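So the sequences go chain by chain: Z and U. FYI, the working numbering numbers position 654 of the first sequence as 654, with every residue one higher than the one before it. FYI, the working numbering numbers position 226 of the second sequence as 226, with every residue one higher than the one before it. C-beta atoms are modelled at their ideal positions from N, C-alpha and C, and glycine is treated no differently. These figures come from a predicted structure and were not determined experimentally. Working notes, beginning with the structure itself.
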Amino acid sequence: MGLQEPRIETSPRVSDEVRKTTCYMCACRCGIDVHLKSGRVVYIDGNRDHPVNRGVLCAKGASGIMQVTSPARLRAPLRRVGPRGSGAFEEITWDEALEIAVDWLKPLRETAPERLAFFTGRDQSQSFTSLWAQSFGTPNYAAHGGFCSVNMAAAGIYTMGGAFWEFGAPDWERTKLFVLFGVAEDHDSNPIKIGIGKLKARGARVIGVNPIRTGYNAVADDWYGITPGTDGLLILSLVHEILKAGKVDLDYLARWTNAPCLVGEDGLLLRDAEGRLLVIDRATGAPAPFDAGGVRPDLGASWQGCRTVFRHLAERYLSEDYAPEAVASRTGISASRIKGLAAEIAAAFDAPVVLPRPWTDFRGERHETMVGRPVSFHAMRGISAHSNGFQTARALHLLQILLGAVETPGSFRFKPPYPKPFDAHPTPHCDCVPGKPLGGPHLGFPRGPEDLALKADGSPARIDKAFSWENPLSVHGLMHMVIPNAHAGDPYRIDTLMLYMANMAWNSSMNTAAVMEMLTDRDEKGEYRIPRIIYSDAYASEMVAYADLVLPDTTYLERHDCISLLDRPICEPDAAADAIRWPVVAPDREVRGFQSVLVDLANRLGLPGFVDEEGRAKYQDYADYMVHHERRLGVGPLMGWRGDGSETGRGAPNPDQIDRYVANGGFCVEHVPEEAAFFKPWNAAYQDWAVNLGFYDKPLPYLFSLWVEPLQRFRLAAEGHGTRQPPAHLRDRLRQAMDPLPVWYEPFGEVAGEDYPVHALTQRPMAMYHSWGSQNVWLRQIHGENPLYVPTNIWEEQGFEEGDWARVTSPSGEIVVPVAHMAALNDGTVWTWNAIGKRKGAWALDPAAPEATKGFLLNHLICELMPERGDGLRWSNSDPVTGQAAWFDLRVRIERAAPRAASEPGLEPLASPVPPAPRHRPWRESP
Amino acid sequence: MTALPPPPAKKLGLVIDLDTCVGCHACVTACKGWNDQGYGVPLSDQNAYGSEPSGTFLNRVHGYEVVSGGGPAEIVNFPRSCLHCDNAPCVTVCPTGASYKRAEDGIVLVNEDACIGCGLCAWACPYGARELDAQAGVMKKCTLCVDRIYNDTLPEEDRVPACVRTCPTGARHFGDLADPESAVSRLVAERDGYDLMPELGTAPVNKYLQPRPKGAAEARPLAPLLDVRATGLAGWLDRLLERL
Numbered sequence: 001m002g003l004q005e006p007r008i009e010t011s012p013r014v015s016d017e018v019r020k021t022t023c024y025m026c027a028c029r030c031g032i033d034v035h036l037k038s039g040r041v042v043y044i045d046g047n048r049d050h051p052v053n054r055g056v057l058c059a060k061g062a063s064g065i066m067q068v069t070s071p072a073r074l075r076a077p078l079r080r081v082g083p084r085g086s087g088a089f090e091e092i093t094w095d096e097a098l099e100i101a102v103d104w105l106k107p108l109r110e111t112a113p114e115r116l117a118f119f120t121g122r123d124q125s126q127s128f129t130s131l132w133a134q135s136f137g138t139p140n141y142a143a144h145g146g147f148c149s150v151n152m153a154a155a156g157i158y159t160m161g162g163a164f165w166e167f168g169a170p171d172w173e174r175t176k177l178f179v180l181f182g183v184a185e186d187h188d189s190n191p192i193k194i195g196i197g198k199l200k201a202r203g204a205r206v207i208g209v210n211p212i213r214t215g216y217n218a219v220a221d222d223w224y225g226i227t228p229g230t231d232g233l234l235i236l237s238l239v240h241e242i243l244k245a246g247k248v249d250l251d252y253l254a255r256w257t258n259a260p261c262l263v264g265e266d267g268l269l270l271r272d273a274e275g276r277l278l279v280i281d282r283a284t285g286a287p288a289p290f291d292a293g294g295v296r297p298d299l300g301a302s303w304q305g306c307r308t309v310f311r312h313l314a315e316r317y318l319s320e321d322y323a324p325e326a327v328a329s330r331t332g333i334s335a336s337r338i339k340g341l342a343a344e345i346a347a348a349f350d351a352p353v354v355l356p357r358p359w360t361d362f363r364g365e366r367h368e369t370m371v372g373r374p375v376s377f378h379a380m381r382g383i384s385a386h387s388n389g390f391q392t393a394r395a396l397h398l399l400q401i402l403l404g405a406v407e408t409p410g411s412f413r414f415k416p417p418y419p420k421p422f423d424a425h426p427t428p429h430c431d432c433v434p435g436k437p438l439g440g441p442h443l444g445f446p447r448g449p450e451d452l453a454l455k456a457d458g459s460p461a462r463i464d465k466a467f468s469w470e471n472p473l474s475v476h477g478l479m480h481m482v483i484p485n486a487h488a489g490d491p492y493r494i495d496t497l498m499l500y501m502a503n504m505a506w507n508s509s510m511n512t513a514a515v516m517e518m519l520t521d522r523d524e525k526g527e528y529r530i531p532r533i534i535y536s537d538a539y540a541s542e543m544v545a546y547a548d549l550v551l552p553d554t555t556y557l558e559r560h561d562c563i564s565l566l567d568r569p570i571c572e573p574d575a576a577a578d579a580i581r582w583p584v585v586a587p588d589r590e591v592r593g594f595q596s597v598l599v600d601l602a603n604r605l606g607l608p609g610f611v612d613e614e615g616r617a618k619y620q621d622y623a624d625y626m627v628h629h630e631r632r633l634g635v636g637p638l639m640g641w642r643g644d645g646s647e648t649g650r651g652a653p654n655p656d657q658i659d660r661y662v663a664n665g666g667f668c669v670e671h672v673p674e675e676a677a678f679f680k681p682w683n684a685a686y687q688d689w690a691v692n693l694g695f696y697d698k699p700l701p702y703l704f705s706l707w708v709e710p711l712q713r714f715r716l717a718a719e720g721h722g723t724r725q726p727p728a729h730l731r732d733r734l735r736q737a738m739d740p741l742p743v744w745y746e747p748f749g750e751v752a753g754e755d756y757p758v759h760a761l762t763q764r765p766m767a768m769y770h771s772w773g774s775q776n777v778w779l780r781q782i783h784g785e786n787p788l789y790v791p792t793n794i795w796e797e798q799g800f801e802e803g804d805w806a807r808v809t810s811p812s813g814e815i816v817v818p819v820a821h822m823a824a825l826n827d828g829t830v831w832t833w834n835a836i837g838k839r840k841g842a843w844a845l846d847p848a849a850p851e852a853t854k855g856f857l858l859n860h861l862i863c864e865l866m867p868e869r870g871d872g873l874r875w876s877n878s879d880p881v882t883g884q885a886a887w888f889d890l891r892v893r894i895e896r897a898a899p900r901a902a903s904e905p906g907l908e909p910l911a912s913p914v915p916p917a918p919r920h921r922p923w924r925e926s927p
Numbered sequence: 001m002t003a004l005p006p007p008p009a010k011k012l013g014l015v016i017d018l019d020t021c022v023g024c025h026a027c028v029t030a031c032k033g034w035n036d037q038g039y040g041v042p043l044s045d046q047n048a049y050g051s052e053p054s055g056t057f058l059n060r061v062h063g064y065e066v067v068s069g070g071g072p073a074e075i076v077n078f079p080r081s082c083l084h085c086d087n088a089p090c091v092t093v094c095p096t097g098a099s100y101k102r103a104e105d106g107i108v109l110v111n112e113d114a115c116i117g118c119g120l121c122a123w124a125c126p127y128g129a130r131e132l133d134a135q136a137g138v139m140k141k142c143t144l145c146v147d148r149i150y151n152d153t154l155p156e157e158d159r160v161p162a163c164v165r166t167c168p169t170g171a172r173h174f175g176d177l178a179d180p181e182s183a184v185s186r187l188v189a190e191r192d193g194y195d196l197m198p199e200l201g202t203a204p205v206n207k208y209l210q211p212r213p214k215g216a217a218e219a220r221p222l223a224p225l226l227d228v229r230a231t232g233l234a235g236w237l238d239r240l241l242e243r244l
């Protein structure tokens with residue numbers, strides 16, 4: 001054939017219109033450009049101007065078009081007509097659905113509001129859903145943080161007024177060494193990938209500490225394949241090494257942390273008559289308030305028998321108990337490797353970054369430069385989801401702070417509205433009175449036992465037992481305990497369980513099969529133990545089958561939302577930012593955004609805050625709320641274009657606000673001034689900027705808490721001090737767990753003993769978010785199966801071969817699943833991808849889909865309760881400080897099993913609430 | 001059989017950095033999304049919600065474990081798509097002239113109107129970079145987003161392949177590999193970029209950059225300030241605080 005080339009169109013028009021909104025394919029909340037042709041979505045890519053993703057998009061984001069056209073989308077409200085769990089429903093009208101909901105909820109509100117438990121899953125509107133629950137008057141509200149990463153959030157905020165996750169970020173431009181601990185490959189996903197790309201481009205060093213060497217750990221320059229649950233011990237050994245070598249930033253510790261504060265006999269810090277923390281001023285040798293002008297705190301002081309926090313911590317961590325040789329075998333990392341890591345950290349410490357940027361601190365002292373240590377850390381689920389995760393995260397923050405590597409150039413930086421110290425957050429509220437709203441927010445940061453959510457008789461006030469002696473600092477609640485507790489009537493029975501976007505009958509629950517039984521179990525009168533279940537979801541998830549009333553939500557392109565500074569914001573270290581979603585296409589089904597449905601219900605129920613004194617609705621729908629709600633005077637859900645449109649942060653509601661967001665690409669950005677960009681907790685310019693934007697109402701400079709006093713207050717109670725006393729069976733545990741300095745103890749899962757020698761973990765793939773992905777044609781072709789990955793030594797010991805199956809047994813359950821070999825793995829650990837396995841009949845998948853046959857959940861092996869101790873008590877499988885679900889404490893044994901067609905346990909198929917999916921895509925016949 | 005053009009003056013292609021690719025598959029679905037609505041027929045999916053779903057993808061990412069002596073096993077994420085070879089065997093094998101290499105910029109394309117779906121080109125390609133679309137019965141392959149890179153309805157900065165635009169870690173680079181001064185050519189020179197299976201003589205335009213060596217850094221071991229056990233905490237504290 002000759003060289004005649006066909007003429008091709010190289011400049012086709014992609015779309016008639018681009019609409020810019022916010023992605024919801026995971027929690028990252030990137031800006032997206034949605035391309036439309038004749039009103040239909042044809043293509044989605046990243047918004048180049050957006051502060052989160054700068055134009056890039058992950059595999060999920062680019063597959064959003066398959067989510068918006070998913071055959072699993074619910075079509076109309078559903079009323080259950082068969083037994084619960086059968087999946088037998090009839091479609092009803094919205095009027096009927098709302099009437100049913102009001103009929104159920106109104107009497108509860110008037111008589112016993114606590115009998116409504118309202119919990120939300122991948123909710124991105126928690127400041128709104130919590131306000132609704134607060135107005136209803138039930139103490140039983142939380143989102144999913146308790147089974148996600150509350151340890152990370154709580155440890156960060158109690159220690160330094162900010163956390164990893166999306167609340168802070170490494171200084172990607174300047175850091176020389178970046179160390180990741182146990183990072184799940186999803187949260188803040190594009191910012192971390194963009195950041196790693198920047199480090200790689202300029203040759204900065206990346207180190208991964210993770211039992212599994214995939215993803216970010218695969219590109220890390222070095223990898224420490226640690227034994228799960230021992231990160232805290234490794235970190236405290238690093239602390240030992242850097243302390244011993246004196247590689248700690250003394251000036252930073254003296255000025256900005258409570259290291260120079262004096263610890264009294266009772267373990268609380270000394271204060272003056274006005275309650276200000278006291279330090280010893282090096283100039284005078286006398287006590288002075290920490291924030292007095294010109295004070296130079298003395299780290300090494302001792303005064304009237306009281307020693308500084310720094311002396312206490314040095315004494316503890318210089319102990320040979322933390323020497324690399326002492327922790328090597330337990331962590332699975334050799335002493336020489338631990339010393340090598342400490343030396344790398346110290347080398348970065350010894351190469352400070354100096355920015356010629358003058359600034360003034362809260363004591364009024366002017367600094368000509370900004371000096372920082374270019375070593376940064378990040379961590380997520382891997383260290384968080386253990387029963388020692390709170391103290392492990394604390395240990396990591398201790399290491400960062402000793403190095404002077406928080407809020408300094410080259411280190412870890414907060415994203416506004418953080419920093420914000422724990423004592424600037426509310427305390428929990430549980431004061432439940434029929435017909436009245438709660439006195440304040442459900443969730444908060446207890447300062448001591450006085451803030452626990454307990455009834456007068458000392459029993460837990462909340463259904464999930466959050467803020468009880470079992471887990472005093474459960475700042476995100478314990479969603480994983482709601483169904484088991486409601487079923488057990490411990491601490492009490494409820495009437496209605498209302499859930500939003502939480503697949504609690506499947507991958508979001510521990511002990512999944514048992515939870516399904518709890519949801520369908522009946523009492524002696526034949527009534528369901530959990531009498532009523534209302535569920536809102538956009539898709540035919542496994543949980544739908546267990547609802548009595550289903551309120552179908554829209555997809556993310558069909559709805560209003562606000563990504564609010566009152567909630568989990570999308571800021572960057574150099575900018576405050578918020579964003580909206582808006583209906584870039586109209587729904588073609590009888591579905592409604594759940595937040596608008598809540599507004600409607602609030603109006604019908606006459607909830608205070610939602611209706612005025614005459615009972616008239618203040619908001620028509622969620623969009624109306626986004627614009628007109630004021631949390632404090634002039635401060636609402638969205639910061640941009642307030643007042644006459646020229647005000648940011650504070651200002652009267654502006655009816656044109658949403659239009660202004662749409663015109664600006666769906667988001668608003670306000671940059672941090674240069675002189676305010678680092679040292680934020682202590683930087684006068686930052687504090688003033690934060691007050692102007694409405695993050696708080698007056699400057700709030702504070703010291704980092706190496707010594708966390710609220711922990712010590714609980715410890716004092718455990719030792720018998722004070723009037724509010726823990727039950728006897730919890731005293732020892734509180735004394736150990738509520739240590740005011742970071743501590744490492746064995747994860748509780750170790751009680752499984754020698755019969756269960758192997759650690760079992762899950763990871764979330766970068767191309768899949770929770771359970772949503774499997775209905776997505778493109779994503780399920782990337783992750784349609786999830787074998788159990790087995791390290792070489794176990795593979796050989798068991799004589800496994802490709803295509804084999806294994807029986808995996810934990811103290812509470814057994815599964816039989818396909819296995820695959822993986823060498824780049826800690827040799828005492830097996831793992832699989834999270835939430836790939838699906839129940840037959842869910843998500844509009846064919847029952848023969850690999851997700852429903854070979855796919856499996858590790859959840860069947862993880863009990864929400866610890867093994868019985870014969871004391872009649874239900875001990876939850878959670879961190880004793882925060883109640884974080886201890887998913888990764890799991891211990892198993894594994895043995896070769898005969899091959900089979902499907903994973904076990906196999907569960908009965910669900911009847912699908914949606915029609916069968918088309919076989920091929922595109923749906924139309926080929927041309 | 002189809003003839004190749006004389007060596008083009010411009011050789012557009014990709015440089016893929018295996019040191020930076022985290023295996024996130026962003027490029028896979030960005031490619032699918034663009035090309036599902038772009039050049040030629042859509043990229044169909046069979047058994048979309050059933051067992052063994054199989055669709056057409058122009059770009060896939062594979063993960064390989066590398067077990068070498070000494071160090072722990074490593075994982076390399078390896079994106080795979082058409083390499084737009086200078087000596088493209090998929091072109092010369094095509095019986096209808098449907099497969100061709102553009103004289104202008106070296107992009108290898110399929111003229112779907114002339115493609116009979118015989119699959120010879122997929123058989124000839126040693127890289128497995130071509131996929132026959134089961135619904136349309138025509139051969140699909142990476143077009144280097146020929147309908148993006150010259151597309152004057154797009155902002156100039158967006159005139160790059162969809163996979164490059166979306167890559168969150170910046171592991172994918174696009175440019176003219178015939179121009180030694182181009183950013184991609186300089187990157188290849190700096191990092192010793194290499195050809196896949198050069199022994200086959202296909203002369204791929206796309207280059208890969210090797211993962212950098214991994215392992216412990218040369219860091220001086222930490223020396224204690226003094227022997228804490230001998231001097232006690234007080235001695236250590238004095239020595240440390242002298243420096244303030």
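| task | Just the chain Z side, please: which residues come within less than 8 Å of Ala9/U by C-beta, in chain order? | result | As a working mapping, residue 9/U is identified with position 9 in the second sequence. Within chain Z, no residue comes near Ala9/U; the closest Cβ sits about 15 Å away, beyond 8 Å.
| query | Taking the beta strand (DSSP E) that Gly813/Z falls in, what are its first and last residues? | reply | In the first sequence, residue 813/Z corresponds to position 813, counting from 1. First-last of the beta strand (DSSP E) with Gly813/Z: 813-821.
| task | Could you check what DSSP says for Glu925/Z in three-state terms: helix, strand or coil? | result | As a first step, residue 925/Z is located in the first sequence; it is residue number 925 there, counting from the start. Only weak support exists for where Glu925/Z lies, its pLDDT of 43 falling under 50; the coordinates are left without a value.
| query | So which residues of chain U does Trp256/Z contact, with C-beta pairs closer than 7 Å? | reply | Here residue 256/Z corresponds to residue number 256 of the first sequence, with the count starting at 1. Residues of chain U passing the Cβ test: none, with the nearest at roughly 14 Å.
| request: Could you tell me how far apart the beta carbons of Leu890/Z and Ala760/Z are, in whole angstroms, since I believe they sit closer than 8 Å? | output: As a working mapping, residue 890/Z is identified with position 890 in the first sequence. As a working mapping, residue 760/Z is identified with position 760 in the first sequence. The Cβ separation is near 5 Å, so the contact holds.
| request: Please go through the same chain and pick out, in chain order, the residues whose beta-carbon is closer than 6 Å to the beta-carbon of Asn793/Z, but skip the five residues on each side of it. | output: Here residue 793/Z is taken as the residue at index 793 of the first sequence, counted from 1. Excluding sequence neighbours, Asn793/Z sits near Asp827.
| request: Pair every Cβ in the region 479-489 of chain Z with every Cβ in the region 514-521 of chain Z, then say whether three or more of these pairs are closer than 8 Å. | output: These segments touch.
| said: Cβ closer than 7 Å: which chain Z residues qualify as neighbours of Cys167/U? | reply: Along the second sequence, one-based indexing puts residue 167/U at 167. Result: Val56.
| Amino acids of chain U, ordered along the chain, whose beta-carbon sits closer than 8 Å to that of Leu36/Z | Along the first sequence, read from residue 1 onward, the residue named residue 36/Z stands at position 36. Correct list: empty, because the minimum Cβ distance to chain U is about 11 Å.
| said: I need the straight-line Cα distance from Lys420/Z to Met738/Z, nearest angstrom please. | reply: The residue you call residue 420/Z lines up with position 420 of the first sequence. The residue you call residue 738/Z lines up with position 738 of the first sequence. Lys420/Z and Met738/Z: Cα-Cα distance of roughly 22 Å.
| field | Proximal residues of chain U, C-beta to C-beta of Trp597/Z below 8 Å | value | Position 597 of the first sequence, counted from the first residue, corresponds to residue 597/Z. Contrary to the premise, residue 597/Z reads as Val rather than Trp in this sequence. Those within 8 Å of Val597/Z in chain U number zero; the least Cβ separation is about 28 Å.
| task | Please list, in chain order, all residues of the same chain as Tyr661/Z whose beta carbon is under 8 Å from its beta carbon, the five residues on each side excluded. | result | Walking along the first sequence from the start, residue 661/Z turns up at place 661. These residues qualify, in order along the chain: Ala579, Ile580, Trp582, Leu638, Gly640, Trp641, Phe667, Cys668.
| said: Quick check on DSSP: helix, strand or coil for Glu577/Z? | reply: Here residue 577/Z corresponds to residue number 577 of the first sequence, with the count starting at 1. Note on identity: in this sequence residue 577/Z is Ala, with Glu being the wrong assignment. In the structure shown, Ala577/Z sits in a strand (DSSP, three-state: E or B).
| said: What would DSSP say about Gly372/Z, mapped onto helix, strand or coil? | reply: In the first sequence, counting from the first residue as 1, residue 372/Z sits at position 372. DSSP places Gly372/Z within a strand segment (E or B) once states are collapsed to three.
| task | Find the nearest neighbour of Ile44/Z within the set Ser38/Z, Asp33/Z, Asn151/Z, judged by alpha-carbon distance. | result | The sequence position of residue 44/Z within the first sequence is 44, counting from 1. That would be Asp33/Z, whose Cα lies nearest to the Cα of Ile44/Z.
| task | Alpha carbon to alpha carbon, how far is Thr138/Z from Gly803/Z? Give it in angstroms, no decimals. | result | Here residue 803/Z refers to the residue found at position 803 when the first sequence is read from its first residue. Here residue 138/Z refers to the residue found at position 138 when the first sequence is read from its first residue. Using only the alpha carbons, I get a separation of about 51 Å.
| Close Cβ partners of Ala886/Z (< 8 Å) along its chain, the five nearest in sequence each way excluded | Here the question's residue 886/Z lines up with position 886 in the first sequence. The beta carbon of Ala886/Z is closer than 8 Å to those of Ala385, His386, Ser387, Gly389, Pro747, Phe748, Gly749, Asn877, Ser878, Asp879 in its chain, skipping five residues each way along the sequence.
| query | Based on the DSSP secondary-structure assignment, which residues constitute the bridge partners of Leu209/U? | reply | Within the second sequence, residue 209/U is the residue found at index 209, counting from 1. DSSP, once it has assigned bridges, lists Asp17/U as partnering Leu209/U.
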